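Trainee: With the numbering used here applied, the sequence shown corresponds to residues 14 to 687, in that order.
This structure is in structure tokens; I'll ask about it shortly.
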Amino acid sequence: MIYIFYLVKMISIMNKRFNLFFAVAFVISGQLCLFGQSSFETYTNPVIPGDHSDCTLTKVGNDFYTTGSSFNPTPVIYHSTDLVHWEAIAQPVAADWSEYGDAPQGGCWGGQIVFYKNKYWDFFSRANTMYYVIADKPEGPWSMPVRIKDPSQLSYGLGYDNSIFIDDNGKWYLVIKNGQPNGGIVELGDDGQPTGIVYDLNWLNAKISSNPDVYQYSWAEGPVMWKHNGFYYYSFARDVSGGQKVMRSKTLTADKSAWTTPVDFFNENDPDKANAIFQGPNHSSAAVELADGTSWVLHPVWARNSGEWFGQGRQGILNQVRYIGDEVVADYPANKSFTAPKLPSSGIPWCVAKSDCFVSDKLNPEWSFLGFTPKNTWSLTERPGWLRLYPKSPTKANTVIKTDAEHNYSLITRLDFDAKSTNDEAGLRLMNGLENLYIKLYSSVNSKGQKVFAIKFDSVYAEVENKIGNVAWLKLVRVNHIMTGYYSADGSNWQQVGHEINIAALDKFNKDWNGWCGNRQGLYVAGKSADFDLYIYRDAYTPILAECPANQFGTTRTQTASKDYSLDSIHNNDWALYAGVEFGNDDYKKKPYIVKMTAACTTKGSAVEVWIDAIGTGQKIATCNIESTGGVDAYKTFLAKTATISGKHDVYLRFVGSEKARLFNLKSFCFEAK
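Here it is, written out as structure tokens:
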């Protein structure tokens, strides 16, 4: 367990008061986050929930970095020290870059951050043209993009979804792919431009002789390279439907005879493959090797076998790579706990969306804009302590978004908005990658000229009259595919807007690959500007479904007699993690004093220990005893007092009881505030 101690001084901003204190803390872009996370011995995938398309992986000293295709949202660089816990640290390409564009499936394709010649470089493609940006540190600031010249030795351009390989002799290369038949390895100079040395691998993806319209490896896309025990490894994806191949050579050459025949990279013979939620792994990163000799890859996979959650995009999966004789094989992303890398997490919390009180003058890098977004369309300084958003134009909304990664959460915002017409909207919005389907909870004016709070999904619409005024609270609660909207004058007493809405159509697969990316959640304005005081991701005082842990050990999800779900197969020392829970702060003035557990139990002497930030090395804030309820479907609510805490935390539930007994089923839990 590594603790980082900071002396944090938050200066009064407008009517906001912050205290001076010592804490176990992480400070991210001026945003205070209390965490003390120990590294896991085991983990379940995904380690980066939600969209992380075409991801790459780079090791620099004791740090790891990943990025990839973002498409229309601005790209994000993530950092880790243990490969399991990841944090957003930078956006290498500015949303106001004039070449960014603003269309679904556009934006940045591919992406890799590397460290070369004492600089950090991030390479990416935009509109089938390669660029790089440079920074002195991975957090930035990053330079404006520089276009990479197409080498004259090739009959095709540099393409997209490319990667960087740095050899142990200090030379570095752009590993490229452009279209089905074209691919190669291009040496770069110290300036990031091609030197003229090119290895053309145009033989790799030849057409099948018996069917001249079909290429042997489909698109053979997203190529990556690494080196191990003196061999060069070259790996590529067939296409987004699945499949990853790998070949190796003792020399770096374009000579086909020097390379082995491509074989499956992932263990396609894994007996658990058929039941895996994440099927068809592909577009893998290069393998990185740790000091203990183990090697690892990140790769993006849709939750194909669930179908209903395809809309979350290609999620970030971590798997170990094993060298067995002359073969290399990566573990299949099966539905099980894997042994975690033996690395320290350095206090990084689980990678879900985080609450934000907008107390910094810089926007947290978790937030992305949607497409080209001029700097004058948002501000954190015009009204300190608030995020001010302006529409991009009289007819185009402005949106700040994060990945929509989980099945259960409660989004809350407090806004100040004076709507004047039906075109004026401000609030919470969840949207798909194609940007043509969304649910939104917002403040506006109806056709009668009344100020209203409204909720809308496709053709479903409901509204209530706004009798509160311009400053109001909105809450959007997700329970799997069911969304419910609320409004409030004080953030404590909530009134529902309309009825529950089923948004399964937003979460499921669609034939257009969801714009190549996953759903996003966040804040938006249309028609005129609005001010947002905060954004809460998971409210501690709204029931949290036990069936939806961010990570766990030993437990399973099971259907109850009432056709909903609970956390099952709970035994002594099993645990479950619920990430990014907001307990309160100077803007959201709440503190917990009771935790409530809704469980069904047939044994005696069981309990739930509630820990924040880590089991054992974090803080245990409550122990809730669970008694027999008379049956596995006879649910009752049990209470326990909690320690007084504040801020946002990862919440761990550790289950204790008889060594061998199945302890109980847990349906949900939540906290009550003073």
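Backbone N, C-alpha and C fix where the C-beta goes; we use that ideal spot for every residue, glycine too.
All figures in this text were calculated on a predicted structure; none of them were measured in a lab.
When you compare each of 626, 112, 228 to residue 386 by their alpha carbons, which one comes out closest?
Mentor: Within the sequence shown, numbered from 1, the residue matching residue 386 stands at position 373. Of 626, 112, 228, the residue nearest in Cα terms is 112.
Trainee: Could you give the distance in angstroms between the alpha-carbon of residue 685 and the alpha-carbon of residue 430?
Mentor: Here the question's residue 685 lines up with position 672 in the sequence shown. Here the question's residue 430 lines up with position 417 in the sequence shown. Their Cα atoms are separated by approximately 30 Å.
Trainee: Who are the Cβ neighbours of residue 408 in its own chain at under 7 Å, not counting the five residues just before and after it?
Mentor: Position 395 of the sequence shown, counted from the first residue, corresponds to residue 408. There are no such residues.
Trainee: Looking at the strands, I want to know which residues DSSP matches up with residue 92.
Mentor: Within the sequence shown, the letter at position 79 stands for residue 92. Per DSSP, 78, 100.
Trainee: Taking the straight line between their C-alpha atoms, what separation do you get for residue 637 and residue 568?
Mentor: As a first step, residue 637 must be located in the sequence shown, where it is residue number 624. As a first step, residue 568 must be located in the sequence shown, where it is residue number 555. Residue 637 and residue 568: Cα-Cα distance of roughly 18 Å.
Trainee: Please state whether DSSP places residue 35 in a helix, a strand or coil.
Mentor: Indexing the sequence shown from 1 puts residue 35 at position 22. With a pLDDT of 27 at residue 35, under the threshold of 50, the predicted position of this residue should be treated as unreliable, and no value is reported.
Trainee: Any chance you could list the beta strand (DSSP E) runs of at least 3 consecutive residues sitting entirely within the segment 315-387, in chain order?
Mentor: Complete beta strand (DSSP E) runs here, min 3: 328-337, 340-343.
Trainee: Provide the residue span of the alpha helix (DSSP H) that contains residue 519, from first to last.
Mentor: Position 506 of the sequence shown, counted from the first residue, corresponds to residue 519. Element bounds for residue 519: 517-520.
Trainee: Measure the beta-carbon distance from residue 197 to residue 167 and round it to whole angstroms, keeping in mind my assumption that it falls under 8 Å.
Mentor: Against the sequence shown, residue 197 aligns to sequence position 184. Against the sequence shown, residue 167 aligns to sequence position 154. Going by Cβ atoms, the distance from residue 197 to residue 167 rounds to 6 Å, so yes, they are a contact pair.
Trainee: Beta strand (DSSP E) containing residue 591: first to last residue?
Mentor: For the purposes of this step, residue 591 is taken as residue 578 along the sequence shown, with counting starting at 1. That run of the beta strand (DSSP E) goes 588-595.
Trainee: At a cut of 8 Å, does the segment 424-444 reach the segment 539-556 through at least three beta carbon pairs?
Mentor: As far as the Cβ criterion goes, the segment 424-444 touches the segment 539-556, which means the pair count is three or higher.
Trainee: Just to confirm, is the Cβ distance from residue 290 to residue 311 under 8 Å?
Mentor: Locating residue 290 in the sequence shown gives position 277, where the first residue counts as 1. Locating residue 311 in the sequence shown gives position 298, where the first residue counts as 1. No.
Trainee: If you run the structure through DSSP and keep just helix, strand and coil, what is residue 270?
Mentor: For the purposes of this step, residue 270 is taken as the residue at position 257 of the sequence shown. If DSSP states are grouped into helix, strand and coil, residue 270 belongs with the helices.
Trainee: Between residue 221 and residue 382, what straight-line distance do the alpha-carbon atoms span, to the nearest angstrom?
Mentor: Translated into positions along the sequence shown, residue 221 becomes position 208. Translated into positions along the sequence shown, residue 382 becomes position 369. Their backbone Cα atoms lie some 43 Å apart in a straight line.
Trainee: What do you reckon, are the CB atoms on residue 187 and residue 179 nearer than 8 Å?
Mentor: Taking the sequence shown and counting its residues from 1, one reaches residue 187 at position 174. Taking the sequence shown and counting its residues from 1, one reaches residue 179 at position 166. No. Outside cutoff.
Trainee: Contact between the segment 592-605 and the segment 671-682: three or more CB pairs below 8 Å?
Mentor: They do not touch, by the three-pair rule.
Trainee: Pick from 614, 586, 687: whose alpha carbon is nearest that of residue 602?
Mentor: Here the question's residue 602 lines up with position 589 in the sequence shown. Comparing Cα-Cα distances from residue 602 to each of 614, 586, 687, the minimum goes to 687.
Trainee: Using the rule of at least 16 other Cβ atoms within 10 Å of the residue's Cβ for burial, across every protein chain shown, is residue 294 buried or exposed?
Mentor: As a working mapping, residue 294 is identified with position 281 in the sequence shown. Per the 10 Å Cβ criterion, buried.
Trainee: Taking all protein chains shown into account, do 16 or more other C-beta atoms lie within 10 angstroms of the C-beta of residue 474, making it buried, or fewer, making it exposed?
Mentor: For the purposes of this step, residue 474 is taken as residue 461 along the sequence shown, with counting starting at 1. Residue 474 should be labelled exposed.
Trainee: If I follow the unbroken beta strand (DSSP E) through residue 601, where does it start and stop?
Mentor: Start at 1 with the first residue of the sequence shown, and residue 601 comes out as number 588. It is not in any beta strand (DSSP E) - residue 601 carries neither H nor E in the DSSP assignment.
Trainee: Measuring alpha carbon to alpha carbon, tell me which residue in 276, 620, 400 is nearest residue 650.
Mentor: Numbered from 1 along the sequence shown, position 637 holds the residue referred to as residue 650. Among 276, 620, 400, the Cα nearest to that of residue 650 is on 620.
Trainee: Applying the criterion that 16 or more other CB atoms from any shown protein chain within 10 Å of the CB defines a buried residue, is residue 680 buried or exposed?
Mentor: Reading the sequence shown from its first residue, position 667 is the one you call residue 680. Result: buried.
Trainee: If we count the other Cβ atoms within 10 Å of its Cβ and call it buried at 16 or more, is residue 158 buried or exposed?
Mentor: Sequence index remark: in the sequence shown, residue 158 carries index 145 (1-based). Looking at its Cβ environment, which holds 16 or more other Cβ atoms inside 10 Å, residue 158 is buried.
Trainee: Return the chain-ordered list of same chain residues with a C-beta closer than 6 Å to the C-beta of residue 390, the five sequence neighbours on each side being excluded.
Mentor: The residue you call residue 390 lines up with position 377 of the sequence shown. Closer than 6 Å at the Cβ level, and outside the excluded window around residue 390, lie 403, 405, 411.
Trainee: Does the distance from the C-beta atom of residue 154 to that of residue 102 stay below 8 Å?
Mentor: Counted from its first residue, the sequence shown places residue 154 at position 141. Counted from its first residue, the sequence shown places residue 102 at position 89. Not closer than 8 Å, so no.
Trainee: Give the straight-line distance between the Cα atoms of residue 141 and residue 211, rounded to the nearest whole angstrom.
Mentor: On the sequence shown, residue 141 is found 128 positions in, with the first residue counted as 1. On the sequence shown, residue 211 is found 198 positions in, with the first residue counted as 1. Straight-line Cα distance between these residues: approximately 19 Å.
Trainee: I'd like the span of the beta strand (DSSP E) that includes residue 448, first residue to last.
Mentor: Sequence index remark: in the sequence shown, residue 448 carries index 435 (1-based). From DSSP, residue 448 is part of no beta strand (DSSP E); its letter is neither H nor E.
Trainee: Where does residue 433 sit, in a helix, a strand or coil, going by DSSP?
Mentor: By 1-based counting over the sequence shown, the position of residue 433 is 420. Note: residue 433 maps to coil in three-state DSSP.
Trainee: Quick check: residue 452 and residue 547, are their CB atoms within less than 8 Å of each other?
Mentor: One-based indexing of the sequence shown puts residue 452 at position 439. One-based indexing of the sequence shown puts residue 547 at position 534. No, Cβ-Cβ distance for residue 452 and residue 547 is not below 8 Å.
Trainee: Please decide whether residue 398 counts as near chain B, where near means a Cβ-Cβ distance under 8 Å.
Mentor: The displayed structure is made up of one protein chain only, and chain B is not part of it.
Trainee: So, under 8 Å CB-CB, residue 65 and residue 313 are touching, yes? Tell me the CB distance rounded to an integer number of Å.
Mentor: Counting from 1 along the sequence shown, the entry for residue 65 is found at position 52. Counting from 1 along the sequence shown, the entry for residue 313 is found at position 300. Contact flag correct, Cβ pair sits at about 5 Å.
Trainee: With DSSP as the reference, please indicate the residues paired to residue 664 in a beta bridge.
Mentor: Taking the sequence shown and counting its residues from 1, one reaches residue 664 at position 651. Beta-bridge pairing links residue 664 to 591, 625.
Trainee: How about residue 605 and residue 553: do their beta carbons lie closer than 8 Å?
Mentor: Translated into positions along the sequence shown, residue 605 becomes position 592. Translated into positions along the sequence shown, residue 553 becomes position 540. Yes, these two residues count as a Cβ contact at 8 Å.
Trainee: Quick one: which unbroken alpha helix (DSSP H) runs of 4-plus residues sit fully inside the segment 461-534? Chain order, please.
Mentor: You should have 517-520.
Trainee: Does residue 107 come out as helix, strand or coil in the three-state DSSP assignment?
Mentor: As a first step, residue 107 must be located in the sequence shown, where it is residue number 94. If DSSP states are grouped into helix, strand and coil, residue 107 belongs with coil.
Trainee: Who are the near neighbours of residue 350 in its chain, counting only those whose CB is closer than 6 Å to its CB and skipping five residues on each side?
Mentor: Numbered from 1 along the sequence shown, position 337 holds the residue referred to as residue 350. Answer for residue 350: 55, 57, 566, listed in chain order.
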